[in-house]
Every structure is written in structure tokens, then in C-alpha cells.
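Worksheet for the structure shown next.
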Amino acid sequence: MERGSSKHSPRQDEALADEVAGELGPGGSNREEWAAAEPPADDDPPERTGTGPDRT
Numbered sequence: 001m002e003r004g005s006s007k008h009s010p011r012q013d014e015a016l017a018d019e020v021a022g023e024l025g026p027g028g029s030n031r032e033e034w035a036a037a038e039p040p041a042d043d044d045p046p047e048r049t050g051t052g053p054d055r056t
């Protein structure tokens, strides 16, 4: 089997692939940790949902 790249040895290619497997492979999140929504602050008013008559 001919390799597509001769920049690294096969052993180094495998090591590099293992390093990025979690970032590129399926099963993981495709979002960065910093991109997750920030939880509401303790002093934020509760979120209102619905369209009932008690809604102002």
C-alpha cells in the first residue's frame, strides 16, 4: 500500500492521528467549549415562556 504522504514516518503518522482523533472523529462534540452558552447569572430574572394572560 502506497502512502499519500512521506512527510512523517508511519509511526509518527499514527501518533499524530491519535492526537487529533477526538477533535476530528465522530462521537465527539463539534463545538468548542468556549462556544457553549453561558448559564444565567444568579440575579437574572426567570425566563418567561408561553403566552398566557399573566404575561406582561
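With the UniProt record's numbering, the residue at position 1 of the sequence shown is 1, and numbering never jumps.
The beta carbon of each residue, even a glycine, is placed where N, CA and C say it ideally should be.
Taking the alpha-carbon positions, what's the residue i to residue j distance?
i	j	result
residue 74	Ala37	The structure shown does not extend to residue 74, since the chain is modelled only from 1 to 56, so the question has no answer here.
Pro40	Asp18	36 Å
Ser6	Asp13	10 Å
Ala15	Gly50	52 Å
Arg11	Pro45	56 Å
Ser9	Glu23	22 Å
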